[in-house]
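Everything in the sequence shown is counted per full-length UniProt numbering, starting at 1 for the first residue and increasing by one.
Here the structure comes first, spelled out in structure tokens, and everything after it is commentary.
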Amino acid sequence: MVELKLKETTQRLEQQLAEEQAPRLKAEKFALAAQMKSNDEIRALRESLERAQKETEILRKQAFYSYLKTGMAKKQEEI
1 MVELKLKETT QRLEQQLAEE QAPRLKAEKF ALAAQMKSND EIRALRESLE RAQKETEILR
61 KQAFYSYLKT GMAKKQEEI
């Protein structure tokens, strides 16, 4: 009698555990997918930022050299 009750209780608890684990595993899987997507988006944004910074640096240098060239041309005209 005690063994039967123990066996039934064990089976019931195992079933309850399985039922509770399924949603948790599903949530973990969803969270992992969201984290991976977030990581991909962060990587893409970093790459975009790096490209923008490089382009800005190039344009800044071009503007500076253009400014110097224009200034030199004006000085030549004055001479």
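C-beta: ideal position from N, C-alpha, C; glycine also.
Taking the alpha-carbon positions, what's the residue i to residue j distance?
i	j	result
alanine 63	threonine 56	10 Å
proline 23	leucine 17	11 Å
leucine 6	leucine 13	10 Å
glutamine 15	asparagine 39	36 Å
glutamine 21	lysine 29	12 Å
Leaving out five residues on either side along the sequence, give the residues of the same chain with a beta carbon under 7 Å from the beta carbon of residue i.
i	result
glutamine 35	none
Kindly list the residues whose CB is nearer than 6 Å to the CB of residue i, restricted to its own chain and excluding five residues on each side of it in sequence; keep chain order.
i	result
glutamate 41	none
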